[in-house]
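Participant:
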Amino acid sequence: MYISMVALNTNDSYLQHQAIWSLFPSSLERKRDHLFRVENQSDTGKVTVLLQSSTQPNSSQNAEVLQTKSFNPQLENEDFYKFKILVYPTKCISQGKRVIEIHDKDDQVAWLQRKLKGANVNVTSMDNILVKSRKCFSSRYVCFEGILQITNAEQIYQALVMGIGRQKHAGAGLLSLAKAS
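So for the sequence shown, the numbering used here puts the first residue at 188; every next one is plus one.
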């Protein structure tokens, strides 16, 4: 895997999605094998994105790779990690036929704990972020930060690689971990 910092020229989540795809060679059989999260955003439309991908990205007309490095996480049971994740917490109602956003903070934390069931999660900070897209309505994402202790390294590794929740194409779901000292 690779972890990269990328510069984009748009605040719109749909155009960000297109710009991220432009970093990778096109193929008819290609599946999304990358996750990203907006890290910095300016009023002028400049955006810095953290990108995790299985293949190395290459700068394109729509996105500039600022730096990239190999990324091979080694997770251990019982270890503590600082985490950060931007997610779109939702729940299905009407027997899974309708999806709605979760607005209650306690329910949002419970949602995160269910998604990271291979770890004991302690949320220390949460922030709501409105993400705009010209393709669809705006969505309210939640940025969680905190400490987690891994109880099942394989489950957390899968969450790290695959991301969690909905709206991964729009910059949600990327779990970042740093060993707590």
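Glycine residues also receive a C-beta, built at the ideal position from the N, C-alpha and C atoms.
Roughly how far, in whole angstroms, is the beta-carbon of V274 from the beta-carbon of G352, given that I think they are within contact range, below 8 Å?
Facilitator: The Cβ separation is near 4 Å, so the contact holds.
Participant: Please go through the same chain and pick out, in chain order, the residues whose beta-carbon is closer than 7 Å to the beta-carbon of T197, but skip the five residues on each side of it.
Facilitator: Q203, A206, G232, V234
Participant: In this structure, how does DSSP classify L303 when only helix, strand and coil are distinguished?
Facilitator: Of the three classes helix, strand and coil, the one that applies to L303 here is coil, per DSSP.
Participant: What separation, rounded to the nearest whole angstrom, lies between the Cα atoms of L195 and V236?
Facilitator: 7 Å
Participant: Could you name the residues of the same chain whose beta carbon sits closer than 6 Å to that of S240, not counting the 5 residues immediately before and after it, in chain order?
Facilitator: Y189, H221
Participant: Have a look at the DSSP bridge pairing and note the partners of D314.
Facilitator: C330
Participant: List the endpoints of the continuous alpha helix (DSSP H) containing Q205.
Facilitator: Its alpha helix (DSSP H) spans residues 200-208.
Participant: Measuring alpha carbon to alpha carbon, tell me which of Q342, E251, T277, F270 ends up nearest L364.
Facilitator: F270
Participant: Who are the Cβ neighbours of V296 in its own chain at under 7 Å, not counting the five residues just before and after it?
Facilitator: V310
Participant: Could you check the C-alpha separation between K256 and L210 for me, to the nearest Å?
Facilitator: 15 Å
Participant: M192 by DSSP, collapsed to three states: which one?
Facilitator: strand
Participant: Under 7 Å Cβ to Cβ from N245, same chain only, skipping five residues before and after it: list those, please.
Facilitator: L210, V252
Participant: Would you report the Cα separation of I280 and E288, rounded to the nearest angstrom?
Facilitator: 11 Å
Participant: Could you work out which residue in W208, R285, Q248, Q261 is closest to I337 when comparing CA atoms only?
Facilitator: Nearest neighbour of I337 by Cα position, chosen from W208, R285, Q248, Q261, turns out to be Q261.
Participant: Once you ignore the five residues that flank F223 on each side, which residues in its own chain have a CB closer than 8 Å to its CB?
Facilitator: V193, Q203, I207, V236, L237, L238, Q239, G358, L361
Participant: Quick check: what's the CA-CA separation for S368 versus Q282?
Facilitator: 44 Å
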